[in-house]
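Start counting the sequence shown at 1; every next residue gets the next number (full-length UniProt numbering). Just below is one structure, and these are the notes that go with it.
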Amino acid sequence: MIEKEHTLQARLNKENISEAEKNKWSDELSKLYIEMENLQLDKAPARAASILYGLGFTPDEQKKPTREFSGGWRMRVALARALFVKPDLLLLDEPTNMLDMRAVYWLEGHLQLWEGTILTVSHDRKFLNEICTDIVHLHTRRLDHYKGNYDTFEKTMKEKLTQQQREYEAQQTLRQHTQEFIDKFRYNAKRAAMVQSRIKMLEKLPVLHAVELDADITFKFPECEVLNNPVLQLDDVSFRYNADAPYLFRKLNLGTHANSRICIVGENGSGKTTLLKLLLGELNPSAGLRNVNRRIRIGYFTQHHVDQLDMDMTAIEVLAHNYPGLQCLFCFLCGSRDGTSRPFVHFGPNYLILDEPTNHLDVETVAALGTALNKFAGGVVLVSHDEQLIEMVCKELWVVKDRMVVNLEGGLEEYRKQVYKQLQLVG
Numbered sequence: 001m002i003e004k005e006h007t008l009q010a011r012l013n014k015e016n017i018s019e020a021e022k023n024k025w026s027d028e029l030s031k032l033y034i035e036m037e038n039l040q041l042d043k044a045p046a047r048a049a050s051i052l053y054g055l056g057f058t059p060d061e062q063k064k065p066t067r068e069f070s071g072g073w074r075m076r077v078a079l080a081r082a083l084f085v086k087p088d089l090l091l092l093d094e095p096t097n098m099l100d101m102r103a104v105y106w107l108e109g110h111l112q113l114w115e116g117t118i119l120t121v122s123h124d125r126k127f128l129n130e131i132c133t134d135i136v137h138l139h140t141r142r143l144d145h146y147k148g149n150y151d152t153f154e155k156t157m158k159e160k161l162t163q164q165q166r167e168y169e170a171q172q173t174l175r176q177h178t179q180e181f182i183d184k185f186r187y188n189a190k191r192a193a194m195v196q197s198r199i200k201m202l203e204k205l206p207v208l209h210a211v212e213l214d215a216d217i218t219f220k221f222p223e224c225e226v227l228n229n230p231v232l233q234l235d236d237v238s239f240r241y242n243a244d245a246p247y248l249f250r251k252l253n254l255g256t257h258a259n260s261r262i263c264i265v266g267e268n269g270s271g272k273t274t275l276l277k278l279l280l281g282e283l284n285p286s287a288g289l290r291n292v293n294r295r296i297r298i299g300y301f302t303q304h305h306v307d308q309l310d311m312d313m314t315a316i317e318v319l320a321h322n323y324p325g326l327q328c329l330f331c332f333l334c335g336s337r338d339g340t341s342r343p344f345v346h347f348g349p350n351y352l353i354l355d356e357p358t359n360h361l362d363v364e365t366v367a368a369l370g371t372a373l374n375k376f377a378g379g380v381v382l383v384s385h386d387e388q389l390i391e392m393v394c395k396e397l398w399v400v401k402d403r404m405v406v407n408l409e410g411g412l413e414e415y416r417k418q419v420y421k422q423l424q425l426v427g
């Protein structure tokens, strides 16, 4: 904007400028000054720093060029830019996907004070509950508008659909009985007037439709061998990437059981992914021991795997390519009526480690994933910022902070209180 101001000033200061040009550049300069005033450019550096810090950028990171950041952090830069310019209409497409929980909480608070209009697409139920005053539901080739947040929408929609189905069924019963009367007395002269009356009544009835529900989404993990405890432990584990690097973790003592349900939370860059790799055995401890049940079979999901998928293959082809030894892959995936897929349970994982599994899933699919994880007989460790999934599945909350991992008593509610308190202190 400063550069544009200098350019317009230079054009106005030219000699022999025509009256038309003078008016044109003056109008543009006036509009620019109004825009600069609205943005409060004198406070712009501090405001930009505040937004970036809220989204997780340290003061040192705020000075780095964008090219040095990963794709997820670049998305945060793009989000910060959209918030900084304070548009009248803010469009957000899955804004929480690349954020940790602290950044999500900050964004919720920031948007609650937003003076303009916000239109967002999101799978994050809590986020929608915190910021939305209206919900637009896209389904069966139509849009329906509901007042209130997501919980209110869900309740109102269920009541509406129940009432719609009742009215449809009642009308169908009325149509059937009326048509039976018409068919029975159509050729009865004494009842001709009554038949004609019934015909006219049917013609005047409004056309009601049965409720069309979206297809149910289900996940089903294969049955697995249940392990004896202990399953996976880190004993006095310290870790750093090389002898000259600082320690990321010091003297960790963590244990998981055969049916553990653990969520790992912490700010981006705190070491959550490194901790997962230590649990997986992809990284070796710099000190201490990783002890693992010899019969463990870990299923690991990370967003990086999604990025590496061959977009020209179908889902079945991808699985067949990755697991060429499974001749019965297709019947195993689809199931079989006589239970012949059961012997292949040996190949199924008995421990799941999931890194942000809800990114790009809608609310219904997140709920279906949570239901499937609850039914899974093995253990689950996941990194997630999605409170819907955490509340559905997890019984332990590991907080990664200051080179330590703490099993937080009080779980998600206590962690939420701690983050809100931290945000108030820095706000």
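Built from N, CA and C at the ideal position, the CB exists for glycine as well. Keep in mind the model is a prediction, meaning the values are calculated, not measured.
In the DSSP assignment, the alpha helix (DSSP H) including residue i goes from what residue to what residue?
i: Lys272; result: Lys272 to Leu280
i: Ile316; result: Ala315 to Asn322
i: His110; result: Met101 to Gln112
i: Lys184; result: Tyr150 to Phe185
i: Asn129; result: Arg125 to Ile131
i: Leu389; result: Glu387 to Val393
i: Ile199; result: Ala192 to Lys204
Looking at the structure shown, is residue i part of a helix, part of a strand, or coil, going by DSSP?
i: Gln233; result: strand
i: Tyr53; result: helix
i: Phe219; result: coil
i: Met404; result: strand
i: Tyr351; result: strand
i: Phe376; result: coil
i: Lys64; result: coil
i: Tyr241; result: coil
i: His209; result: coil
i: Arg141; result: coil
i: Arg416; result: helix
i: Glu396; result: strand
i: Leu369; result: helix
Just the C-alpha distance for residue i and residue j, rounded to the nearest angstrom, thanks.
i: Leu91; j: Pro206; result: 38 Å
i: Leu32; j: Ser260; result: 59 Å
i: Ser30; j: Ala44; result: 20 Å
i: Leu408; j: His209; result: 51 Å
i: His177; j: Asp183; result: 10 Å
i: Ile353; j: Asn284; result: 17 Å
i: Lys272; j: Gly72; result: 15 Å
i: Glu61; j: Asn268; result: 13 Å
i: Phe153; j: Lys147; result: 7 Å
i: Val393; j: Leu373; result: 7 Å
Taking 8 Å as the cut-off, decide whether the C-beta atoms of residue i and residue j are in contact.
i: Asp244; j: Gly288; result: no
i: Ile118; j: Ile131; result: yes
i: Leu412; j: Trp106; result: no
i: Leu278; j: Leu227; result: no
i: Tyr351; j: Gly379; result: yes
i: Val400; j: Gly266; result: yes
i: Thr302; j: Asp355; result: yes
i: Thr365; j: Ile217; result: yes
i: Ile296; j: Val383; result: no
i: His123; j: Asp362; result: yes
i: Ala80; j: Leu55; result: yes
How would you write the range of the beta strand (DSSP E) that residue i sits in, first residue to last?
i: Val265; result: Arg261 to Val265
i: Gly72; result: Premise fails: Gly72 lies in the alpha helix (DSSP H), Gly71 to Phe84, not in any beta strand (DSSP E).
i: Ala287; result: Ala287 to Val292
i: Thr302; result: That residue, Thr302, is in no beta strand (DSSP E); it is neither H nor E in DSSP.
i: Lys251; result: Phe249 to Thr256
Exposed or buried, residue i, counting other C-beta atoms within 10 Å across all chains shown (16 or more means buried)?
i: Phe127; result: buried
i: Ile262; result: buried
i: Tyr187; result: exposed
i: Pro87; result: exposed
i: Met311; result: exposed
i: Val219; result: The residue you asked about is not Val; residue 219 is Phe in the sequence shown. So Phe219 counts as exposed.
i: Met404; result: exposed
i: Val406; result: exposed
i: Leu52; result: buried
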